[in-house]
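The numbering of the sequence shown is our numbering, which starts it at 312 and goes up by one.
Glycine residues also receive a C-beta, built at the ideal position from the N, C-alpha and C atoms.
Computed from a predicted model, the values in this text were never measured in an experiment.
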Amino acid sequence: MFKRLLRFFVDKRPPQPVSTNAAEPADAPPVRDHGLLALLAQVLESEGLAPVLQDGHLVLGNGLQVFVELLDVVELPPDGIRTATTIQVRHRTLFPDGIAEFQHAWGPDIEQSLVSGFATWARTDLVALSEAVSAAQQERHCMTLQLGFPPPAAHRREVVLGPVAHLGGAAQAAACDVGDVDEAGHAFCPCCLFTQSLEAFMPVLENDARMLGIRLFASRDAEGEVAADCRINGVDFAEGAECLRRYAATWPAHPGLEFRKQYVVVRPPDAPAAPLVPDVAS
312 MFKRLLRFFV DKRPPQPVST NAAEPADAPP VRDHGLLALL AQVLESEGLA PVLQDGHLVL
372 GNGLQVFVEL LDVVELPPDG IRTATTIQVR HRTLFPDGIA EFQHAWGPDI EQSLVSGFAT
432 WARTDLVALS EAVSAAQQER HCMTLQLGFP PPAAHRREVV LGPVAHLGGA AQAAACDVGD
492 VDEAGHAFCP CCLFTQSLEA FMPVLENDAR MLGIRLFASR DAEGEVAADC RINGVDFAEG
552 AECLRRYAAT WPAHPGLEFR KQYVVVRPPD APAAPLVPDV AS
């Protein structure tokens, strides 16, 4: 049964690497497996979206093109299955070369593990990506920051802060306002992970004109051991991870493991507040 399910989701061809180099053309989708795409489409539909299957990828109403690839499946007897996927999102105007990020999930079987990873992505990463390409007058759910840079850069960047997943919150959006104290007993707002590591990102935001998708993850266990993960457009960013480790070390003691995870999208320098009307043609 395990092998039959695995064959359903995995393309028989070797997986194609996802390009994170903006200079490389984005010719071929990372995956063309319709079983995996169909499952992702079901998850997106359950979140109120209307994805359209088009030439090996999904197209959303805001013009985002979504590609998915299954990277790994590991049996964890007797607990279930661990899966790893990567989702690449493209926008023909703002980031035609794509922004990729990983999804790691667990479940009693392959399908439920994949659904868990896709649902978390839809409720966190996709929220930030969607608001980063939406018109200014549309309803906003994410906090945004405006960063200005002096000459010679002399430009502004808008930062879209996606929902924060917190241990015990099952990828729910952080509901606290600035200055609130959460259930773990310390002040936290949707900007904390980013602002506490901002010193590492400033040179990147000043000099890299691409649309940037930033993964932020920090954790601290009951013994005070900290861990962090940071990626920019799917590529490890050690300087950001180090800042996040220092930040997690300041959290007060808390029984058990505590973590926070967030996806942040930085729009291109001086990008218009209202992008062009989406063109969903492939």
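**Q.** Simplified DSSP state of G473, which is helix, strand or coil
**A.** strand
Q) Can you give the Cα-Cα distance for I543 and I525, rounded to whole angstroms? A) 5 Å
Q.
Just verifying my parser: in three-state terms, what is the DSSP assignment at V489?
A. Because V489 sits at a pLDDT of 37, beneath the cut-off of 50, its placement in the model cannot be relied upon, and the following sentence gives the value as read from the coordinates. Of the three classes helix, strand and coil, the one that applies to V489 here is coil, per DSSP.
Q: For L364, count neighbouring Cβ atoms within 10 angstroms of its own Cβ and tell me buried if that reaches 16, exposed if not.
A: exposed
**Q.** Beta-carbon gap between D390 and W417 smaller than 9 Å
**A.** yes
Q. Under 9 Å between the Cβ atoms of V379 and I398?
A. yes
(Q) Pull the bridge partners of E442 from the DSSP assignment, please. (A) In the DSSP output, where bridge partners are listed per residue, E442 has none listed.
Q | Separation of H415 from T394, as counted between CA atoms | A | 6 Å
Q | Span separating the alpha-carbon of N518 from that of E386 | A | 43 Å
Q. Going by alpha carbons, who is nearest to V470 out of F570, E534, F505 and S357?
A. F505
Q) If you compare alpha carbons, which of E553, P579 and P501 is closest to R571? A) P501
(Q) Rounded to the nearest angstrom, what separates A520 and Q376 at their Cα positions? (A) 21 Å
Q. Can you tell me where the alpha helix (DSSP H) with F499 in it begins and where it stops?
A. Careful: F499 lies outside any alpha helix (DSSP H) and carries neither H nor E.
(Q) Let's test the definition: count the other Cβ atoms within 10 Å of the Cβ of A465 and tell me whether it reaches 16, buried, or not, exposed. (A) exposed
Q) Taking DSSP as the reference, what is the three-state secondary structure of M522? A) coil
Q: Determine the extent of the beta strand (DSSP E) in which L387 is found, giving its start and end residues.
A: Q376 to L387
Q) What separation, rounded to the nearest whole angstrom, lies between the Cα atoms of L523 and R557? A) 23 Å
Q) Measuring CA to CA, which of P474, Q353 and L555 is closest to V438? A) P474
Q. Opposite M454 in the DSSP bridges: which residues?
A. L472
Q: Look up L316 in the DSSP assignment and say whether it is helix, strand or coil.
A: Note that L316 scores 42 on pLDDT, short of 50, meaning its location in the model is unreliable; the coordinates nonetheless yield the value given after this. It is helical.
Q. Which ranges does the beta strand (DSSP E) cover as unbroken runs of at least 3 residues, wholly within the stretch 516-565, from first to last along the chain?
A. 523-531 and 537-543
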